[in-house]
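Here the sequence shown is numbered in our numbering, starting from 43 and rising by one per residue. The structure appears below as structure tokens.
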Amino acid sequence: MADHDKTLPTQILVSAYYRVHPDDRDAFIAAVVPEMTAAQKMPGCIYYAFAQDLTDPNTFHLLEGWADQEAYEHHENAESFLTALSTVVKTVRILDRQGIRYDVGKMHIDDPRGKVA
């Protein structure tokens, strides 16, 4: 992980999922792992995680948290992101995808552990 401050408030969230063709699964993983590693080290990255769905090995979930618009845009224009994007667009059959960026207006810290005695 990066050396930057993980206590910064998250102002930009990205939530996405990708369902890829089974034959392209390994190519997708190979493209996104270096990008994920690079993004996690960028200034203003609070978190950046790609994860395989627990019930469908060909579906992947992306969750990004950025400290501000500047950090988000730096990532979107970074060579690591553009390389991964180009590779995925050109070599991976995406069967279904949805991605949403949220600008956070108000945050509520969610910690349900207090419900357990």
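Using N, Cα and C, we set each Cβ at its ideal position, and we do this for glycine too. These numbers were taken from a predicted model, which means no experiment stands behind them.
Residue i versus residue j - alpha carbon distance
i	j	result
tyrosine 114	leucine 55	9 Å
glutamine 53	proline 76	24 Å
methionine 43	valine 158	Unreliable positioning characterises methionine 43 in this predicted model, as indicated by a pLDDT of 39, which lies under 50. A coordinate reading is not provided.
Cross-strand partners of residue i (DSSP beta bridge)
i	result
threonine 101	Arg61
aspartate 145	Ile54
glutamate 106	Val56, Tyr90
glutamine 140	Tyr59
Of the listed residues the options, nearest to residue i (C-alpha basis)
i	options	result
valine 74	Pro64, Tyr90, Gln111	Tyr90
alanine 58	Gly86, Ile136, Ala72	Ile136
Beta carbon of residue i nearer than 8 Å to that of residue j
i	j	result
arginine 61	asparagine 100	yes
glycine 86	glutamate 112	yes
Exercise for the section: Please go through the segment 66-99 and give each complete beta strand (DSSP E) segment of 3 or more residues, from N-terminal end onward. Expected result: 87-94
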